[in-house]
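*Asks:* To start, I am sharing the structure in question, which I have written as structure tokens.
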Amino acid sequence: MDWSLILTNVAGELFAPTTAAFALAAIGLNVHFGLTGLLNMGQAGFMLLGAYGFAIATIEGWPLWAAVGVSIVLAVIFATILGIPTLKLRGDYLAIVTIAAAEIVRLVGRSTALTDLTGASNGLLGNSFKHTFQDASPFPDGSFSLGPFTYATNASNSWWLRIVGWLLVAAIALVVWRLMKSPWGRVLKGIREDEDAVRSLGKNVFAYKMQALVLGGTLGALGGIVYALPRAVQPDAMGRTTTFYIWTILLLGGAATIFGPILGSMIFWAGLMLIKSVMRATVPADVMSVAQIEAFGWVIVGVVLMLLIIFRPQGILGDKKELAIHAH
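Structure follows, in structure tokens:
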């Protein structure tokens, strides 16, 4: 077993574009759940909308900044449509509606009626919408090695995408940290703990919840763009399971914390890579095929999530006192 290769692959996952994308989506979910107590079970829908908005706008010839703007606008509209009928209800209803809404986005994306626009179940090929992002890179084409890591400078799974993705994560984490410390953030925490008490103070609870839903959804859409850039926009790649990965990441790192979603994403993807790499190297092919090892990796993730909720519900960085409010 080549440990140096395995550990290099695992370390590479720590700062991979996918890890950054899921960190962004988990920070958005943290605004929903950790900060406001909203049970959003459809964060994958925001990711998919963000990816589609960016890809379709780019294919239509829009510049990079405008394509990102389209993604954000779509997320805002989607959050508003979701929020108006449901945010007046209690948490469980929002969970049901958001699962359904994310599925609607996925099924509309798969629809053969929209093949010309969304590519139906085949999706949109990466090469059709990556050029504006790659053209924005200041680096020369080719590849670059840093220690054991060698990636292309500008192509799909590139240093350029890693730099942009992680700078975006850092910037968003800083913004959310400032918001959490602001009067606005304190009102959201008040809503999470006791909605009626906040309402009795004359605050418009519905408006604050809507703002949180829109902000968290927008971060999910940005995560969707980063997720789609090294691959393609494929509707089934951002289905229900994606939402559960994001929840696992958030609960692993710790809800209602700033670095929890980021640490959770790093541990989740690096841990998964470690499990799969070690199993591929040690389990004989006649015992488990590569596809079975892939599936078994996810089984372990599911078991870890269950154990986490039972034994460490606040996550790695979470505070048990912060979480007590979610129990009711």
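Residues in the sequence shown are numbered consecutively from 1, following UniProt numbering.
Ideal Cβ positions, reconstructed from N, Cα and C, are used throughout, including at glycine.
Everything numeric in this text was worked out from a predicted model, so none of it was measured.
Could you give the distance in angstroms between the alpha-carbon of E60 and the alpha-carbon of L117?
*Replies:* One C-alpha to the other measures close to 10 Å.
*Asks:* Among A270, F149, I172, G220, whose alpha-carbon lies nearest the alpha-carbon of A51?
*Replies:* The option with the nearest alpha carbon to A51 is G220.
*Asks:* How would you call S158, buried or exposed, if buried means at least 16 neighbouring beta carbons within 10 angstroms?
*Replies:* With 16 or more Cβ atoms within 10 Å of its Cβ, S158 is classed as buried.
*Asks:* Give, in chain order, every unbroken run of the alpha helix (DSSP H) that is at least 4 residues long and sits entirely within the region 170-235.
*Replies:* For the region 170-235, whole alpha helix (DSSP H) runs of length 4 or above, ordered along the chain, are 183-193, 195-200, 205-228.
*Asks:* Since G297 and G260 should fall inside the 8 Å C-beta cutoff, what is the C-beta to C-beta distance between them, to a whole number of angstroms?
*Replies:* So it is not a contact: roughly 23 Å between Cβ atoms.
*Asks:* Considering L145, what are the terminal residues of the alpha helix (DSSP H) in which it resides?
*Replies:* Here residue 145 turns out to be Ser, not Leu, going by the sequence shown. Run containing S145: none in the alpha helix (DSSP H); it sits in the beta strand (DSSP E), 143-146.
*Asks:* Alpha carbon to alpha carbon, how far is I293 from V10? Give it in angstroms, no decimals.
*Replies:* About 16 Å.
*Asks:* Starting from T248, trace the alpha helix (DSSP H) in both directions and tell me its first and last residue.
*Replies:* Start and end: 240-253.
*Asks:* Is the region 240-258 touching the region 33-50 in the sense that three or more CB pairs, one from each, lie closer than 8 Å?
*Replies:* They touch, by the three-pair rule.
*Asks:* State the DSSP-derived secondary structure class of F15, mapped to helix, strand or coil.
*Replies:* Coil at F15, not helix or strand.
*Asks:* Which residue wins for smallest C-alpha separation from W184, given the options W166, L168, A173, N204?
*Replies:* Comparing Cα positions, the closest option is N204.
*Asks:* Have a look at S156, G202, W177, L174 and flag the residue whose alpha-carbon is nearest the alpha-carbon of I225.
*Replies:* Among S156, G202, W177, L174, the Cα nearest to that of I225 is on S156.
*Asks:* Helix, strand or coil, according to DSSP, for A324 in the structure here?
*Replies:* With a pLDDT of only 48 at A324, under 50, the local geometry of the prediction cannot be trusted, and the value read off the model is given with reservation. A324: helix per DSSP, three-state reduction.
*Asks:* Give the straight-line distance between the Cα atoms of G12 and I163, rounded to the nearest whole angstrom.
*Replies:* Straight-line Cα distance between these residues: approximately 13 Å.
*Asks:* On the DSSP bridge list, what partners appear for A152?
*Replies:* Answer is S143, bridged to A152.
*Asks:* Can you say whether I309 is buried or exposed, counting buried as having 16 or more other CB atoms within 10 angstroms of its CB?
*Replies:* Exposed, by the Cβ-count rule.
*Asks:* By the 10 Å Cβ neighbour count, where 16 or more other Cβ atoms means buried, how is S265 classified, buried or exposed?
*Replies:* Under this definition S265 is a buried residue.
*Asks:* Residue ranges of each alpha helix (DSSP H) run of no fewer than 4 residues wholly in the region 273-324, ordered along the chain?
*Replies:* Fully enclosed alpha helix (DSSP H) runs of 4 or longer: 290-311, 320-324.
*Asks:* Please determine if the region 207-214 and the region 282-291 are in contact, where contact requires at least 3 C-beta pairs separated by less than 8 Å.
*Replies:* They do not touch, by the three-pair rule.
*Asks:* Is it the case that the CB of V226 approaches a heavy atom of the ligand PLP more closely than 7 Å?
*Replies:* The ligand PLP is absent from the structure shown, which contains no ligands of any kind.
*Asks:* Taking C-alpha atoms, which residue in G147, L5, F144, R90 lies nearest to E193?
*Replies:* It is R90 whose Cα lies nearest to the Cα of E193.
*Asks:* Quick one: any contact between the region 95-110 and the region 230-239, if contact means 3 or more CB pairs under 8 Å?
*Replies:* The region 95-110 vs the region 230-239: in contact.
*Asks:* Can you name, in chain order, every residue of its own chain whose Cβ lies under 7 Å from the Cβ of A270, other than the five neighbours on each side?
*Replies:* Excluding positions up to five away in sequence, the list reads V10, E13, L14.
*Asks:* Label M1 either buried or exposed according to how many other C-beta atoms from any shown protein chain fall within 10 Å of its C-beta, with 16 as the threshold for buried.
*Replies:* Answer is exposed; the Cβ neighbour count stays below 16.
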